[in-house]
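Notes for the one structure printed next.
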Amino acid sequence: MIRHPLAWCVWGIAGLCAAFIDRNPLLQVLLVLVVINVGLPHRRNPAMRHWKIGLALAVVPILFSAALSRFGRHVIFTLPGIPIVGGAWSWEAVAYGASTGVALLLTVAVFATLQANVRSADLVALLPRSLYRTGTVFALSLAFAPKTIASFQALLEARRLRGQRAGWRSAPGLVVPLLLTMLEQALQYGESLDARGYGSGRRSHYRPLGWSLFDGFVIWASLTSLILDLVLSPQPYNPYLDLAPSLPSAASLLSILLLATPALRGTPRMDHATNRA
Amino acid sequence: MPLIALEGVRYRYPEADGPALDGITTAVEPGQVILLRGPSGSGKSTLLRCLNGLVPHSTGGDFAGRVTVCGLDTRVHLPRELGARIGFVFQHPDAQFVLEDVEAELAFGLENLGLDRGVMRKRIEETIDQVGINALRHRRIATLSGGERQRVAIAAALAMHPAALVLDEPTSQLDPQAAEDVLQVVLRLVADLGMTTVIAEHRVERIAPFVDRIWTIDAGRLQDQAPREAVAEGGARPPVVDLALRAGWSPIPLGLRDARVRAQSLAAAIPDNPPADGAGTVIARLDRLGYSYPSARAVEDVSLTLRRGQVTALMGRNGSGKTTLLRLIGGTLRPQRGRLHSEGRVAYVPQDADALLFAATVRDELRGQPEDVIAPFQAWLPRYPRDLSAGERQQLAIAVVAGQADLLLLDEPTRGLDPVVKKALTSFLRLRAASGAAMLIATHDVEWAARTANRVLLMADGEVYADGPPRTVLSDSLVFATQINKLLGRGWLLPEEVPI
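Line by line, the protein sequences are chains A and B.
Under my numbering, the final residue of the first sequence carries the number 279; numbering is consecutive throughout.
Under my numbering, the final residue of the second sequence carries the number 597; numbering is consecutive throughout.
Spelled out as structure tokens, the structure:
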């Protein structure tokens, strides 16, 4: 079991780099399987329910890329001269959008896994006093994903109650109220942090964070994966140059497989707080 | 030397036309308990936020005068430096929580003070005992009820050993029993620790007997008075004070204990039962309606008939299924079991009225509404809706959504409202009922329900277990009885109906 949040953070950073640096579909499929394996023991955690948002996010770039890009030699069909969407729709554009979509899906999955395993208390505790504003942002970002979704749903329902359009097509009209709601919540949260003395001096720790040998192993594996991605990675996949992905190098495969280390001991997080709803 | 001193405090929010606080000079001595009351939007929250420096450090705006807390000037010292001296409990506990679980939340403030683990542990254990939350210490905050959350919020503030505790309407979200629990905690702190306390509260009947001074704020101006003098003048006051003023009792009793001896001369008669209600045509019929969430059943076998002209109060503890029932009737949830039939336009106003307001001005929000709905909002028309106070936003949301409905479903409409606005809401609902609309209102406000409704439903565990006129349902209940009923019994609910 991973005990220290730093190990999860390093794993998360390495996972995000792997998702975005080389978007070879073969590697992406492998990475999706790895992240699913790491997340599987935590599937009952409420944070893991966000996968639907990840899927929705993944579809958007496919649609945009396919509808707007007119490059590529492998034509699916050709539309007449309709503004914006008219012209030849290509498999290259679909593949490019899909690789971006999978990267977004992986981002949501990695953050969901982090949210299921890292308490905002521990993240805040990790940061030195000089970075207290950064700590506030960290704590806010962890707390706000679920609150933002709840606010969005409340606004959708409010539109319905007022007899206005409430489907996804109404989303643009919700952006400003959603932003305002989030800003108000962020201000209240910031006030609460201030009112409770956050950033006033040296912080101590009620429950000091402990290290295990396995934490060190996960950090080593994640850092190695990161270095392999950054230093040894071959030419990234570009469907417009070659639609068929090249076979990944052994280094790329290794860098992805190393990210599976947390799954070797995938026990859900044990807190002193248990959920007894 | 006063613990808290305000000298000529004037404050205006950025871009506001007038001041929110206008020349406030007062002081709080150590150990005093202050009740802060005033109409919605009068400046209560602003004044409380001055005490720990959130105003002006967090809000900006023009600040003049001086607030000193334990000798520290809030203009010089930041809120995070004052956090150890002033424990602040926000109106919405959810806005206050930083972490996921109770014990970590209690420790958060202590960690910020840099205390040793041993000291932290001792303080946390003591605080848990003082506030009585030992059963909650290992729970996740997301799983707590409203009352439990508010008690944890108080404990989190208390653990820092502040010199004073400031509470901004801590019971506004709670059912009567949970509110009672929270106020008992506050009163225990006052009695056992001599904790200096400033509390803004609309439900004054519980707290009034224990306060040393009452601060009444209106349009940013503050009156600092002795309790009896303040309640005699008006504003939010216990129903027993209204009765005492009618009966000419002197000194005015502030609580039931003081009033009992004097009341013995009153309760001879038994009130007449009002004529049977329910002559209007049926507007909604529920037949064995049921709904369950994945974790629990919310509504079970509810059969009801709602008629035009009825104002029905739906009461019950937090989590009893009131909101789910309203949402089922309002159509935002689909019944899983049973049948529901309704006629005419149904409008549902949820608890969080803010979500309903998304236009740039009140005028834009009310566009298309008839003149009689717009008329009460003339003074606010150019304002940005979210700049209104909580009570004002609630009124606007009701007008926007429910102005022309045949069946109005309101979820906690009196939350954060002052007595004058509550009275106006009562008039509005009665007017709508008289014109043929029906109302089903989930509320925790027993006094308001007794004054407004002509039918009361009590819910528990998803089931309706009592249904009848207020005089029957709200009488002789340990939890859902009005203060006058607790004093006189025999079916009397309100001070104005008791024969003197």
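Glycine included, each C-beta is placed from N, C-alpha and C at the ideal position.
Being a predicted model, the structure only gives us computed values, none of them experimental.
In the three-state scheme derived from DSSP, where H, G and I count as helix and E and B as strand, Thr226 (chain A) is classed as helix. Residue nearest to Ala100 (chain A) within the set A:Glu159, A:Leu57 and A:Leu225 is A:Leu57 (criterion: CA-CA distance).
Below 8 Å, enough C-beta pairs join the stretch 40 to 53 of chain A and the stretch 109 to 120 of chain A to call them touching: three or more.
The way I'd put it, the stretch 544 to 559 of chain B doesn't touch the stretch 166 to 174 of chain B; fewer than three beta-carbon pairs between them come closer than 8 Å.
The stretch 245 to 260 of chain B and the stretch 193 to 200 of chain B touch, with no fewer than 3 CB-CB distances between them shorter than 8 Å. Residues of the stretch 188 to 218 of chain A with a Cβ closer than 9 Å to any Cβ of chain B, in chain order: Leu189, Gln190, Tyr191, Gly192, Glu193, Ser194, Leu195, Asp196, Ala197, Arg198, Gly199, Tyr200, Gly201, Ser202, Gly203, Arg204, Arg205, Ser206, His207, Tyr208, Arg209 and Pro210. Setting aside the 5 residues that flank it on each side, Leu176 (chain A) is surrounded in the same chain by Leu157, each with a C-beta closer than 6 Å to its C-beta; the list follows chain order. With a 10 Å radius around the Cβ and a threshold of 16 neighbouring Cβ atoms, Glu593 (chain B) comes out exposed. Of the residues assessed, Thr378 (chain B) falls on the exposed side of the cut-off, its CB having fewer than 16 other CB atoms within 10 angstroms. Going by C-alpha positions, Ala476 (chain B) is about 26 Å away from Val152 (chain B). If you look at Glu468 (chain B), you'll find it isn't in any beta strand (DSSP E); it sits in the alpha helix (DSSP H) that goes Glu468 to Ile471. Within the stretch 421 to 438 of chain B, the residues whose Cβ lies closer than 7 Å to any Cβ of chain A are, in chain order, Thr429.
Inter-residue distance for Pro567 (chain B) and Gly441 (chain B) is about 27 Å (C-alpha atoms, whole angstroms). Ala90 (chain A) has A:Thr80 as its beta-bridge partners, per DSSP. Under DSSP, Ser389 (chain B) forms a beta bridge with B:Arg394.
Annotated three-state conformation of Ser142 (chain B) is helix, per DSSP. Of the candidates A:Arg72, A:Thr109 and A:Gln187, A:Arg72 places its Cα closest to the Cα of Val96 (chain A). Contacts between Glu159 (chain A) and chain B, judged by CB atoms closer than 8 Å, involve Thr429, Pro447 and Ala452 in chain order. Within chain B, the residues placing a beta-carbon under 7 Å from that of Pro179 (chain A) are Phe455, ordered along the chain. DSSP places Ala550 (chain B) in the coil class of the three-state scheme, outside both helix and strand. Counted as a single uninterrupted DSSP element, the beta strand (DSSP E) harbouring Ile296 (chain B) occupies residues Thr293 to Ala297.
Against chain A, the CB of Ala381 (chain B) has no partner CB under 9 Å away; the residue lies outside that interface. Cβ-Cβ separation between Ala239 (chain B) and Ile101 (chain B): approximately 34 Å, too far for a contact (criterion under 8 Å). Look at the stretch 523 to 589 of chain B and you find these whole runs of alpha helix (DSSP H), each 4 residues long or longer: 543 to 549, 567 to 570 and 580 to 585. Straight through space, the alpha carbons of Leu505 (chain B) and Arg404 (chain B) are spaced by roughly 12 Å.
Residues of chain B with a Cβ closer than 7 Å to the Cβ of Ala156 (chain A) are, in chain order, Asp449 and Ala452.
About 6 Å separates the Cβ atoms of Arg414 (chain B) and Gln274 (chain B), confirming a contact at the 8 Å cut-off. DSSP, reduced to helix, strand and coil, places Gln448 (chain B) outside both helices and strands of the structure shown, so it counts as coil. Taking a Cβ-Cβ threshold of 7 Å, none of the residues of chain A is close to Leu118 (chain B); the smallest such distance is about 18 Å. Rounded to the nearest whole angstrom, the CA to CA distance from Leu129 (chain A) to Phe205 (chain B) is 14 Å. Residues of the stretch 218 to 229 of chain A whose Cβ lies closer than 7 Å to any Cβ of chain B: none. By the rule that beta-carbons nearer than 9 Å mark a contact, Ala181 (chain B) touches chain A. Around Met217 (chain B), the beta-carbon contacts reaching into chain A at under 8 Å are Ser206 and Tyr208.
Counting only unbroken stretches of 3 or more residues, the beta strand (DSSP E) elements lying wholly within the stretch 214 to 271 of chain B are 261 to 265, in sequence order. Rounded to whole angstroms, Pro247 (chain A) and Leu234 (chain A) show a C-alpha spacing of 18 Å. Counting only residues of its own chain and dropping the five nearest sequence neighbours on each side, Ala494 (chain B) has a CB closer than 7 Å to the CB of Val446, Ala450, Leu453 and Leu454.
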